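Asker:
Residue numbers (the numbering used here): 109 to 228.
In structure tokens:
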């Protein structure tokens with residue numbers, strides 16, 4: 109994470125980020141330590157790397173919004189990504205109002221709902 113934050117433009121850091129994402133970005137988001145790497149990529153990575161994580165999240169967004177570690181990645185995506193990316197995620201989450209209520213009362217989903225409420 110430190111390497112991605114301090115030297116995001118370095119070729120070796122880019123290669124490492126791409127190698128990590130080539131495996132399985134969804135698994136990375138759910139991993140106890142991997143989710144921190146995914147959050148760092150959302151904050152400091154290239155647009156292509158960010159899109160890989162967002163695509164993984166979009167595949168099972170409701171599941172990830174309730175996951176112990178992946179919910180932090182969803183919150184990071186909602187707070188750190190660009191407008192169109194955030195709008196797409198928010199639209200997916202808000203598509204079914206009953207699911208939003210379920211998130212609001214869920215142990216880890218409540219953080220995602222708070223991030224949605226903080227959106228402009």
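All C-beta atoms in this analysis are idealised placements derived from N, C-alpha and C, irrespective of residue type, glycine included.
Predicted, not measured: the structure shown is a model, and the values here were computed from it.
By a C-beta neighbour count over all protein chains shown, 10 Å radius and 16 as the cutoff for buried, is residue 220 buried or exposed?
Answerer: With 16 or more other Cβ atoms within 10 Å, it is buried.
Asker: Suppose contacts are defined by Cβ-Cβ distances below 8 Å. Is residue 149 in contact with residue 167 by that definition?
Answerer: No; because the gap between Cβ atoms is not below 8 Å, this pair is not in contact.
Asker: Quick check: the Cα distance between residue 162 and residue 142, rounded to an integer number of angstroms?
Answerer: Going from the Cα of residue 162 to the Cα of residue 142 covers about 15 Å.
Asker: Could you have a look at residue 174 and say whether DSSP puts it in helix, strand or coil?
Answerer: Residue state, collapsed to three classes: helix.
Asker: Does the structure place the stretch 180-188 close enough to the stretch 204-220 that three or more beta carbon pairs sit under 8 Å?
Answerer: Yes: at least three Cβ pairs fall under 8 Å.
Asker: If you check the beta carbons only, do residue 169 and residue 211 fall under 8 Å apart?
Answerer: Not a contact, by the Cβ cut-off of 8 Å.
Asker: Go ahead and label residue 204 buried or exposed: buried means 16 or more other beta carbons lie within 10 angstroms of its beta carbon, across all protein chains shown.
Answerer: Its Cβ having fewer than 16 others within 10 Å, residue 204 is exposed.
Asker: Below 6 Å CB to CB, which residues in the same chain sit around residue 130 once its five sequence neighbours on both sides are set aside?
Answerer: Contacts found: none.
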